[in-house]
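Residue numbers (our numbering), protein chains in the order written: chain C, 1 to 328; chain B, 1 to 389.
Report on one structure; see the data block that follows.
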Amino acid sequence: MPIKVGAEQPTPEEIYEDVIGGDWPTTELPDHEPEAIVEAVKKAGLVGQGGAAFPTFIKLLRNAEKPVDTILVNGCECEPYLTADYRVMLEATRAVIAGAILAAKAAGAKRVVIAVEDNKPKAIEKLQQECKGTIASVAQLKTKYPAGGEKQTVRAALGRTVATGGLPLDCGVVVINVGTATAIARAVLRDKPVTVSGRGINTPKNLLVAIGTPTSALIAAAGGLKDSAVRVVSGGPMMGFSIANLDTPVTKGTSGITVFEAPDVAQPVETPCVRCGRCVDVCPLNLIPTRLGLAARYAVWDVAERYHMMACMECGCCAYTCPALWCN
Amino acid sequence: MSDEGKKPQGAPEAEPKAAPPGDKPEVQAAAEKPAAAAAEKKAPAKPAPKKPAAKKPVVVETPYTLHVAPSPHVANTSLTTRGLMVDVVLGLALVVLAAVWFFRWHAVLVLAVSTVSCLIFEAIFVRMRGRQATLDDFSAVITGIILGLSLPWSTPWWICVVAAMIAIGLGKVIFGSLGQNIFNPAMVGRAFVMVSFSAYLGAGAYVDPHGAAQSILSQATPLTAARTAGTMPELWFLFLGNTNGSLGETSALASILGGLYLVVRRTASWEIPTAMVVVLAALAGAMQLFVGPNPALLAMKMTVLEHLLSGAFLFGAFFIATDPVTSPLSRQGKFYFGAGVSFFVWLLRTFSNYPEGLMFAILLMNSLVPLINRWTVPEPVGGLVPKRG
Numbered sequence: 001m002p003i004k005v006g007a008e009q010p011t012p013e014e015i016y017e018d019v020i021g022g023d024w025p026t027t028e029l030p031d032h033e034p035e036a037i038v039e040a041v042k043k044a045g046l047v048g049q050g051g052a053a054f055p056t057f058i059k060l061l062r063n064a065e066k067p068v069d070t071i072l073v074n075g076c077e078c079e080p081y082l083t084a085d086y087r088v089m090l091e092a093t094r095a096v097i098a099g100a101i102l103a104a105k106a107a108g109a110k111r112v113v114i115a116v117e118d119n120k121p122k123a124i125e126k127l128q129q130e131c132k133g134t135i136a137s138v139a140q141l142k143t144k145y146p147a148g149g150e151k152q153t154v155r156a157a158l159g160r161t162v163a164t165g166g167l168p169l170d171c172g173v174v175v176i177n178v179g180t181a182t183a184i185a186r187a188v189l190r191d192k193p194v195t196v197s198g199r200g201i202n203t204p205k206n207l208l209v210a211i212g213t214p215t216s217a218l219i220a221a222a223g224g225l226k227d228s229a230v231r232v233v234s235g236g237p238m239m240g241f242s243i244a245n246l247d248t249p250v251t252k253g254t255s256g257i258t259v260f261e262a263p264d265v266a267q268p269v270e271t272p273c274v275r276c277g278r279c280v281d282v283c284p285l286n287l288i289p290t291r292l293g294l295a296a297r298y299a300v301w302d303v304a305e306r307y308h309m310m311a312c313m314e315c316g317c318c319a320y321t322c323p324a325l326w327c328n
Numbered sequence: 001m002s003d004e005g006k007k008p009q010g011a012p013e014a015e016p017k018a019a020p021p022g023d024k025p026e027v028q029a030a031a032e033k034p035a036a037a038a039a040e041k042k043a044p045a046k047p048a049p050k051k052p053a054a055k056k057p058v059v060v061e062t063p064y065t066l067h068v069a070p071s072p073h074v075a076n077t078s079l080t081t082r083g084l085m086v087d088v089v090l091g092l093a094l095v096v097l098a099a100v101w102f103f104r105w106h107a108v109l110v111l112a113v114s115t116v117s118c119l120i121f122e123a124i125f126v127r128m129r130g131r132q133a134t135l136d137d138f139s140a141v142i143t144g145i146i147l148g149l150s151l152p153w154s155t156p157w158w159i160c161v162v163a164a165m166i167a168i169g170l171g172k173v174i175f176g177s178l179g180q181n182i183f184n185p186a187m188v189g190r191a192f193v194m195v196s197f198s199a200y201l202g203a204g205a206y207v208d209p210h211g212a213a214q215s216i217l218s219q220a221t222p223l224t225a226a227r228t229a230g231t232m233p234e235l236w237f238l239f240l241g242n243t244n245g246s247l248g249e250t251s252a253l254a255s256i257l258g259g260l261y262l263v264v265r266r267t268a269s270w271e272i273p274t275a276m277v278v279v280l281a282a283l284a285g286a287m288q289l290f291v292g293p294n295p296a297l298l299a300m301k302m303t304v305l306e307h308l309l310s311g312a313f314l315f316g317a318f319f320i321a322t323d324p325v326t327s328p329l330s331r332q333g334k335f336y337f338g339a340g341v342s343f344f345v346w347l348l349r350t351f352s353n354y355p356e357g358l359m360f361a362i363l364l365m366n367s368l369v370p371l372i373n374r375w376t377v378p379e380p381v382g383g384l385v386p387k388r389g
């Protein structure tokens, strides 16, 4: 049975009503062919909503050499400050599960695991309720940045390790964000949820907005900037990029807008590294960030390579924790 | 960084009413709003019914200066290098107290002279390099305290000054100051004066012939006694610290408590002291079990606990070997480093002419740290980066 990919576009309000309150079957799903699901996802232009914007349909293509047994739905917020995934799990629970099960069908997976951090008990409870009788289950993870990083989620939820330079596919897993799951369920993506947050915003909130919406419109919808706001970041505080122009639009990969006040982003003066090893302790990929930092600063790329720079996911934990700074 | 170039020049910014006062950040980019009209039309679509009477019109507007900087945008500012250093000073405080308790004003004098000279030489030498002296990072204080604690109680004041000069000058600043030195500065200073002024600092420096017989100052240091007479004080004395020795090394208890504080605060690594204790215990135990006493080498008689509790071993394990600047970066490397230090401690204590080998063991292993770092680059989670092409 083919899936229809949106001919006429619903309004944002209709989509919102549909995602939140619509009827999403989780047990007796219509009998789609796997190829049909992949095709629908491809036509809808879905990309991963966790931030990297990897085309979703590629993940769902079956590959005889690399069979997939698990769909891991990543409900771990990718960064602090952001709560978009949380709201989706809480309000569109059934849509998330339905989408994940569809993805499992497409990829030929036997089970769905929804990974949620333990600081979201409400979402866990609701998901567990709705998962009953389906192939989906909930995995409760410790709240810890960067638990939302794909490799970290796979490791924490399933105990499998994704090879450097490889994909979760290599160990039989396909990871999709909860928002992506919802979008798969709808099979037509024109909208996505975005968190507008941070201390610099008047009324932080989660919004379901159209791709292409300018940042200024999002900020306006969240009550506008405070006078004290100094930095607007597309994404979260750890990996987001600061934007210079509020006309910058929401893209498929935008997970939030974070607005900072001056004290939040005070730039401390750098002091000499004493190799205390705090960065080594926090690196989720087991790298030696202090060496990578020096190698990059002096452009010594062979040293950078020897210390596995290309394995870095740029989560920012090392820079966050570094004590070699001088705060005035 | 500014986008003026890209903007159509059509809309002059004539509406300054809701313009938030631009603060004056250093890195900035003007984000003005020629296309604001379009955005404003869209904006009210959703929030309009909710926010009719906000304090000011909810319009995101006009020349607004925004910071632009790379991520991460937040940092944990509660922990600074100075914080780490102060932690070490706190950990050392207990050892200093023990030293003052056992050696009275001798300890006060040596510690004061070496600490103050370290600060003075740091200021002088750093200024000679044309840099701003950073005495308030407390690293020179730590060097001074550790140097003082590693000297005998009878050290003349001018030897303390020379040791401090060498420690800061040749041990640290000549390499490029904080974070750049290869060898532990305090140990460099101590090694220099130990070798240069051996008449003042040898075994004789510890024993006070005029001291009362029951005073610890009248006894030989435990390690000297072990190699000359094959005897050792009771373990209990070694543990509490009422034995003779360098100022900071006598009390195992003070070193353990202060060291545990550092380890719990993660200011000192747990890997290095652990490896050191395990390896020294293993070597000493193996000697006891398989070789037994040898009349030519009286030091071989020392038991595992005597090895661990005597000399500067525990003080060094917690406070000197754990110096992050001069120890390896990875966990594996730290284990190797600690094991190496203990191996040389044991080797020098048993076979060399010196009763204690900690200082040389640490300096020796310091020189191997770059090599250890190179050998122990940890494998990233998920394995090595695949080679391209």
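Glycine is no exception: its CB is placed at the ideal position from the N, C-alpha and C atoms.
Source: prediction; values computed, not measured.
- Message: Against residue 383/B, what residues of chain C qualify as contacts under a CB-to-CB distance less than 7 Å, listed in chain order?
- Response: By one-based count along the second sequence, residue 383/B stands at place 383. What residue 383/B touches in chain C: 163 and 164.
- Query: So which of 85/C, 112/C and 171/C has the shortest CA-CA distance to residue 123/C?
  - Reply: By 1-based counting over the first sequence, the position of residue 123/C is 123. Residue 123/C has its Cα closest to that of 85/C, out of 85/C, 112/C and 171/C.
- Item | The alpha helix (DSSP H) enclosing residue 146/B, as first and last residue numbers | Position 146 of the second sequence, counted from the start, is the residue given in the question as residue 146/B. Segment 139-149, the alpha helix (DSSP H) holding residue 146/B.
- Task: Tell me where the alpha helix (DSSP H) around residue 231/C begins and ends.
- Result: If you number the first sequence from 1, residue 231/C lands on position 231. No alpha helix (DSSP H) contains residue 231/C, which is instead part of the beta strand (DSSP E) from 229-234.
- Task: Tell me whether residue 70/B is buried or exposed, calling it buried when 16 or more other Cβ atoms sit within 10 Å of its Cβ.
- Result: Residue mapping note: residue 70/B aligns to position 70 of the second sequence, counting from 1. Exposed, since its Cβ has fewer than 16 Cβ neighbours within 10 Å.
- Applying the criterion that 16 or more other CB atoms from any shown protein chain within 10 Å of the CB defines a buried residue, is residue 244/B buried or exposed? Here the question's residue 244/B lines up with position 244 in the second sequence. Burial call: buried.
- Message: Rounding to the nearest angstrom, what Cα-Cα distance links residue 305/B and residue 105/B in this structure?
- Response: Numbered from its first residue, the second sequence carries residue 305/B at position 305. Numbered from its first residue, the second sequence carries residue 105/B at position 105. Taking the straight line joining both Cα atoms gives about 30 Å.
- Message: Could you pull the DSSP bridge partners for residue 74/C from this structure?
- Response: Working through the first sequence from its first residue, we reach residue 74/C at position 74. Residue 74/C is bridged to 115/C and 177/C.
- Task: Check distances from the C-beta atoms of the segment 70-85 of chain B to those of chain C and list, in chain order, the residues that come in under 7 Å.
- Result: 71, 72, 73, 74, 75, 76, 77, 79, 80, 81, 83 and 84
- Message: According to DSSP, residue 140/C sits in a beta bridge with which residue or residues?
- Response: To locate residue 140/C, count along the first sequence from 1; it is residue 140. Beta-bridge pairing links residue 140/C to 116/C.
- Query: So the beta strand (DSSP E) residue 260/C belongs to, where does it begin and stop?
  - Reply: By 1-based counting over the first sequence, the position of residue 260/C is 260. Per DSSP, residue 260/C belongs to the beta strand (DSSP E) from 256-261.
- Three or more beta-carbon pairs under 8 Å between the segment 95-111 of chain B and the segment 243-260 of chain B, yes or no? yes
- Task: Could you work out which residues of chain B lie near residue 316/C, taking near to mean beta carbons separated by less than 8 Å?
- Result: The residue you call residue 316/C lines up with position 316 of the first sequence. Simply 71 and 72.
- Message: Judging by CA-CA distance, which residue of 160/C, 149/C, 151/C and 119/C is the nearest neighbour of residue 140/C?
- Response: By one-based count along the first sequence, residue 140/C stands at place 140. Comparing Cα positions, the closest option is 119/C.
- Message: Output needed in chain order: residues of the segment 163-183 of chain B with a Cβ under 9 Å from some Cβ in chain C.
- Response: 176, 177, 178, 179 and 180
- Message: Can you give me the C-alpha to C-alpha distance between residue 97/C and residue 270/C, rounded to a whole angstrom?
- Response: Taking the first sequence and counting its residues from 1, the one referred to as residue 97/C is at position 97. Taking the first sequence and counting its residues from 1, the one referred to as residue 270/C is at position 270. Taking the straight line from one Cα to the other gives about 47 Å.
- Message: So within the segment 168-198 of chain B, which uninterrupted beta strand (DSSP E) runs reach at least 3 residues, ignoring any that extend past its ends?
- Response: none
- How many whole angstroms separate the CB atoms of residue 312/B and residue 356/B, which I take to be in contact at a CB cut-off of 8 Å? Within the second sequence, numbered from 1, the residue matching residue 312/B stands at position 312. Within the second sequence, numbered from 1, the residue matching residue 356/B stands at position 356. Their Cβ separation, rounded to whole angstroms, is 6 Å, which keeps residue 312/B and residue 356/B in contact under 8 Å.
- Message: Using C-beta distances below 6 Å, list every residue in its chain close to residue 118/B, excluding the 5 sequence neighbours before and after it, in chain order.
- Response: Position 118 of the second sequence, counted from the first residue, corresponds to residue 118/B. Cβ within range, chain order: 140, 143, 144, 164 and 168.
- Query: Is the CB of residue 7/C under 8 Å away from at least one CB in chain B?
  - Reply: Against the first sequence, residue 7/C aligns to sequence position 7. Reliability fails at residue 7/C, whose pLDDT of 44 lies under 50, so the model's placement of it is uncertain and no value is given.
- Taking Cβ positions, are residue 419/B and residue 349/B nearer each other than 8 Å? No answer is possible for residue 419/B: it lies beyond the span of chain B, which begins at 1 and ends at 389.
- Query: Do residue 273/B and residue 259/B have their CB atoms nearer than 8 Å?
  - Reply: Looking up residue 273/B in the second sequence gives position 273. Looking up residue 259/B in the second sequence gives position 259. Their beta carbons are under 8 Å apart, which means residue 273/B touches residue 259/B by this criterion.
- Message: Please identify the residue among 265/C, 164/C and 138/C whose C-alpha is closest to the C-alpha of residue 70/C.
- Response: In the first sequence, counting from the first residue as 1, residue 70/C sits at position 70. Closest by alpha carbon: 138/C.
- Message: Using a Cβ-Cβ distance cut-off of 8 Å, determine whether residue 145/C contacts chain B.
- Response: Numbered from 1 along the first sequence, position 145 holds the residue referred to as residue 145/C. Residue 145/C does not count as touching chain B.
- Task: Take the Cβ of residue 113/B as the centre, count every other Cβ of all protein chains shown within 10 Å, and call the residue buried at 16 or more, exposed below.
- Result: In the second sequence, counting from the first residue as 1, residue 113/B sits at position 113. So residue 113/B ends up on the buried side.
- Message: Cβ closer than 7 Å: which chain C residues qualify as neighbours of residue 68/B?
- Response: Working through the second sequence from its first residue, we reach residue 68/B at position 68. The contacting residues are 242 and 244.
- Whole angstroms is fine: what's the gap from residue 372/B's alpha carbon to residue 183/B's? The count along the second sequence starts at 1 and reaches residue 372/B at position 372. The count along the second sequence starts at 1 and reaches residue 183/B at position 183. Going from the Cα of residue 372/B to the Cα of residue 183/B covers about 14 Å.
- Among 343/B, 358/B, 324/B and 384/B, nearest to residue 315/B - alpha-carbon criterion: Stepping through the second sequence from its first residue, residue 315/B is reached at position 315. Of the candidates 343/B, 358/B, 324/B and 384/B, the one whose C-alpha sits nearest the C-alpha of residue 315/B is 358/B.
- Task: Give the interface partners of residue 18/C over in chain B, defined as CB-CB distance under 8 Å, in chain order.
- Result: The count along the first sequence starts at 1 and reaches residue 18/C at position 18. Within 8 Å Cβ-Cβ: nothing; residue 18/C doesn't reach chain B, min ~17 Å.
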